[in-house]
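Chains as they are written, first to last, in full-length UniProt numbering: chain B, 1 to 199; chain D, 1 to 199; chain Y, 1 to 199; chain A, 1 to 199. Encoded as structure tokens, the structure appears first; notes follow it.
There are 4 protein chains.
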Amino acid sequence: MSATAADRGREARRRLLEAAAELIAERGWAAVSTRMLAERAGVAPGVVHYHFSSVQALLTEAALTVMHGLIEQTGTSLARARTPGEALGLMMDFLTAYDGRDPTSLLFAETYLAAGRDEELRRSLGELLTGFGRALADRLAEHQVPAPDATAAVVAAAIDGIMLHRALGPGPDATELTAVLRRLVAPAEPGHPTRGDSS
Amino acid sequence: MSATAADRGREARRRLLEAAAELIAERGWAAVSTRMLAERAGVAPGVVHYHFSSVQALLTEAALTVMHGLIEQTGTSLARARTPGEALGLMMDFLTAYDGRDPTSLLFAETYLAAGRDEELRRSLGELLTGFGRALADRLAEHQVPAPDATAAVVAAAIDGIMLHRALGPGPDATELTAVLRRLVAPAEPGHPTRGDSS
Amino acid sequence: MSATAADRGREARRRLLEAAAELIAERGWAAVSTRMLAERAGVAPGVVHYHFSSVQALLTEAALTVMHGLIEQTGTSLARARTPGEALGLMMDFLTAYDGRDPTSLLFAETYLAAGRDEELRRSLGELLTGFGRALADRLAEHQVPAPDATAAVVAAAIDGIMLHRALGPGPDATELTAVLRRLVAPAEPGHPTRGDSS
Amino acid sequence: MSATAADRGREARRRLLEAAAELIAERGWAAVSTRMLAERAGVAPGVVHYHFSSVQALLTEAALTVMHGLIEQTGTSLARARTPGEALGLMMDFLTAYDGRDPTSLLFAETYLAAGRDEELRRSLGELLTGFGRALADRLAEHQVPAPDATAAVVAAAIDGIMLHRALGPGPDATELTAVLRRLVAPAEPGHPTRGDSS
DNA sequence: TATGAATGAGAGTTCATTCAT
DNA sequence: GATGAATGAACTCTCATTCAT
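Take a look at the structure:
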């Protein structure tokens, strides 16, 4: 109401972050330019460097914001899950929600690669994923999945890897892949150690 | 002894492909420039476009050559494997051979992403991976692994995904991950679940 | 007093258009380069593409601006002419004002040729000349010149053609040529009907 | 028969001249490059500079050869013409044979402009056109056309100017234009010498 | 009589960033 | 808080030309 100027400033900043997330997916991290960002956000070119110290800083903040949001939300859902099937299903849901060519999948992949060349980004992203991995491992442990830490790592990696491969072509459909992935998280059973498929 | 000129040309071309593979991993696909390539290969800048129609074409050829070599060689090894354990072990070996920050892992990841923005690259890479997926699925089928196609896809994706995540930090070690991955390829056996080889 | 930045921008743009018109004549349409334009206009190389989407766009705008100005002004003079002799004399004046090697003549010739390879330029230039041709034909018709449209086309073409030929060497002087050209615009006379066209 | 190597050399040279004439019309004088010429002529790039001292020299020779051929042939036809109508008709024939966008018209126009920036080309082309102008003037004189030199210059210029304008759009058709041009070459008549102004 | 690999300059264009307003 | 003009380096790519073979 009062601080119209400050509000416009916040709004411009928000639109720039939104534009950055879109453009990283569309063009690739290294191909996003100041002018592209300004145009997409509907602001003057100079505004980019007014709100952010560099284009890299804007891209980093945008990517981490989106990834933090999605991962945090999934972690929360995991924590709320009451039954094992519910918890595991949440992970598998990614396979139907994202096809490897959607903005979210691409943003994740681009950011993983960019992190390999930016120490600060690598650290932040590492923390995010480590936290998520722990949350997932905790759930798996509750459901008697053996080697819960390594299993959580493999599940998360498999899902990201599937996204990466799907960008190249369809591949097997989500239902089939989900069935295979469930083998990873079958709970250990006293008499019949490591079953998990025959259903 | 005669064709010194032609030989020099072949050598320059070869060095450019070598430089391209290195630089894609080091700097990222979109950040490789004509002059960087020329300098790394030890040739004049103009030579790049003398031998290749564009920088994109050079990067594409370089990436496909390396990936083709590695995948073909792995496929051949798979085909030669006499026992199931040997075959499965070959796949798991990637986890000890590559740590996600080595040139080969990075080249793979960069090329996957670049393929999303280059139709020709996507097609070529798709063929390469489809062929490998089929070879792997065939082996899995021989060992009575259920849903061999989807399983092959998940195994390959998990390995690439692990590489991607490892670039961010160490994570669980290869031995643990391998143990988890073996759950995916346990043969379906009516009476005695999870043995898995003797064929 | 306030908008010094905007003023500087307008001034730079203006100087670039001026430089473009000069350089098209001096070097030829296809030989005008970004850096030549920048140097002549006294601006940094990057400024060219800040103000214009491409060098082609700059050349096109510059050429059309100059040609539009000259043609419009001549059209206006034609319209204001009170007597036939005055109107015809305006056309003939070009022969004394321009010698085929002056910037204006060369700009016209270069632009005609460039228009053959640029659809948009061809359209714009075509409209400009069609409009002028109509204005001239109207005047000729008022003075009972037979076939005024074709006559206007021939007069305009002859003048441009003379400029083109003069670039190669002097040729007959303007007075003689003017006398010949006047044959084209002799009014039809009842008793002695305009030999040379009918049949 | 014997000198196969020498024959191939002559043939390559001939094909290069042919390619040059085509490409000047297609791309414009300044846009013709060594590689384009070699490709069009079906020879290796190095051959261009083996047969010609520079690309400019090749273009110049090609243009002059074509123009010399056409002008010489027209001059010969003019000389052979038995009646006035026949002679004048030869000139007018250009208007139906060329439409301003054909290779010949474009080659002429491109060469006129190039001559303005190449002293040697200007001299050669000037001689060619001067010679033709004299031949035409002689014919006009024989038919009692007043001011035959200036008239010849205007006729030639009008035809080239019409070609130049036609490249921009159709304009009046050849029949109408020819009718107008015939006014220029009407023979002087005892009683009414050189009418056409006083109105 | 060619050949084709190489050179290095220069083409048009886009870049992240700065700064006076 | 925002602007937009400007900078100068770097981008991909094409150039005419040379020269060892």
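Cβ coordinates follow ideal geometry from the N, Cα and C atoms, glycine included.
_Three-pair Cβ contact test at 8 Å for the stretch 91–104 of chain A versus the stretch 42–53 of chain A_ = no
*Note down, in chain order, each residue of its chain lying with its Cβ closer than 7 Å to the Cβ of PHE94 of chain D, except the 5 sequence neighbours on either side.*
Hits under 7 Å: ILE159.
*Just curious, the alpha helix (DSSP H) that LEU106 of chain D is in, first and last residue?*
103–115
*For my contact list, GLU176 of chain B and ALA79 of chain D are in at a C-beta cut-off of 8 Å; report their separation, rounded to the angstrom.*
Actually they are not in contact, since the Cβ atoms of GLU176 of chain B and ALA79 of chain D sit about 25 Å apart, beyond 8 Å.
*In chain B, what lies closer than 9 Å to ARG35 of chain D by C-beta?*
Neighbours of ARG35 of chain D on chain B: none; closest Cβ ~16 Å, over 9 Å.
*asked:* Counting only C-beta atoms, is PRO103 of chain B closer than 8 Å to chain D at any point?
replied: no
*Ordered along the chain, which non-local residues of its own chain (more than five positions away) have a Cβ less than 8 Å from that of ILE162 of chain D?*
LEU95, GLY100, GLY171 and LEU177
_chain Y contact for LEU17 of chain A (CB, 8 Å cutoff)_ = Taking Cβ atoms only, chain Y never reaches closer than 8 Å to LEU17 of chain A, which makes this a no.
*For PRO193 of chain Y, name the three-state secondary structure that DSSP assigns.*
Caution is warranted here: a pLDDT of 43 is assigned to PRO193 of chain Y, below 50, making its placement in the model unreliable, and the coordinate value is therefore given only provisionally. Of the three classes helix, strand and coil, the one that applies to PRO193 of chain Y here is coil, per DSSP.
*GLU110 of chain Y and LEU113 of chain A: beta carbons closer than 8 Å?*
yes
*Quick one: Cα of LEU70 of chain B to Cα of PHE108 of chain B, how far?*
Going by the C-alpha atoms only, they are around 10 Å apart.
_Integer Cβ distance of PHE90 of chain D from SER77 of chain D, believed to fall under 8 Å_ = One detail in the question is off: residue 90 of chain D reads as Leu in this sequence, not Phe. At roughly 5 Å, the Cβ-Cβ gap stays under 8 Å, so LEU90 of chain D and SER77 of chain D are in contact.
*Reduced DSSP secondary structure (H/G/I, E/B, other) of MET1 of chain B*: Bear in mind that a pLDDT of 44 at MET1 of chain B, under 50, signals an unreliable position, so the number given afterwards is only what the model happens to contain. Coil at MET1 of chain B, not helix or strand.
*Taking buried to mean at least 16 other C-beta atoms within 10 Å of its own C-beta, is SER199 of chain A buried or exposed?*
With a pLDDT of only 35 at SER199 of chain A, under 50, the local geometry of the prediction cannot be trusted, and no value is derived from it.
_Does the distance between the C-beta of ALA186 of chain D and the nearest non-hydrogen atom of the ligand HEM fall short of 7 Å?_
Because no ligand of any kind appears in the structure shown, any question about the ligand HEM cannot be addressed here.
*asked:* Using the three-state DSSP reduction, which class does ARG183 of chain B fall into: helix, strand or coil?
replied: coil
*Of all the residues that make up the stretch 157–172 of chain D, which are near chain B by a beta-carbon distance shorter than 9 Å?*
ALA157, ALA158, ILE159, ASP160, GLY161, ILE162, MET163, LEU164, HIS165, ARG166, ALA167, LEU168, GLY169, GLY171 and PRO172
*VAL66 of chain D and ALA31 of chain D: beta carbons closer than 8 Å?*
no
*Over what stretch of residues does the alpha helix (DSSP H) that includes ARG134 of chain Y continue unbroken?*
Looking at the DSSP string, the run of the alpha helix (DSSP H) that includes ARG134 of chain Y is 119–142.
*For GLY75 of chain B, which option in B:THR4, B:ALA152 and B:ARG13 has the closest C-alpha, if you only look at C-alpha atoms?*
B:ALA152
*Below 9 Å between beta carbons is the criterion; list the residues of the stretch 70–103 of chain B that meet it against any residue of chain D, in chain order.*
GLY100 and ARG101
*asked:* I'd like to know if TYR50 of chain B contacts chain D, where contact means its C-beta is closer than 8 Å to some C-beta of that chain.
replied: no
*Kindly indicate if chain Y contains any beta-carbon less than 8 Å away from that of GLU142 of chain A.*
no
*Can you pull the chain A residues whose beta carbon is under 8 Å from the beta carbon of ARG40 of chain Y, in chain order?*
Contact of ARG40 of chain Y with chain A by beta-carbon distance below 8 Å is absent, the smallest such distance being about 17 Å.
*Under the rule that 16 or more other beta-carbon atoms within 10 Å means buried, what is SER53 of chain B, buried or exposed?*
exposed
*Whole angstroms is fine: what's the gap from ALA38 of chain A's alpha carbon to ASP7 of chain A's?*
18 Å
*With C-beta atoms as the reference, is LEU168 of chain B less than 8 Å away from LEU129 of chain D?*
yes
_Determine whether the beta carbon atoms of VAL155 of chain D and VAL180 of chain D lie at a separation below 8 Å._
no
_Neighbour flag for LEU58 of chain Y against chain A, beta carbons, 8 Å_ = no
*Indicate the three-state DSSP secondary structure (helix, strand or coil) for PHE52 of chain B in the structure shown.*
coil
*Pick from B:LEU88, B:ASP118 and B:LEU125: whose alpha carbon is nearest that of ARG139 of chain B?*
Among B:LEU88, B:ASP118 and B:LEU125, the Cα nearest to that of ARG139 of chain B belongs to B:LEU88.
_Where ASP93 of chain D falls: helix, strand or coil (DSSP)_ = helix
*Residues of chain D with a CB under 8 Å from the CB of residue 201 of chain B: which are they?*
Absent from the structure is residue 201 of chain B, since the part of chain B shown begins at 1 and ends at 199.
*asked:* Tell me which residues share the same chain as VAL55 of chain A and place their Cβ nearer than 6 Å to its Cβ, disregarding the 5 neighbours each side in the sequence.
replied: THR34
*Assign GLY116 of chain A to buried or exposed, taking buried as 16 or more other Cβ atoms, counted over all protein chains shown, within 10 Å of its Cβ.*
buried
_Min CB distance ALA30 of chain Y to chain A below 8 Å_ = At least one chain A Cβ lies under 8 Å of ALA30 of chain Y.
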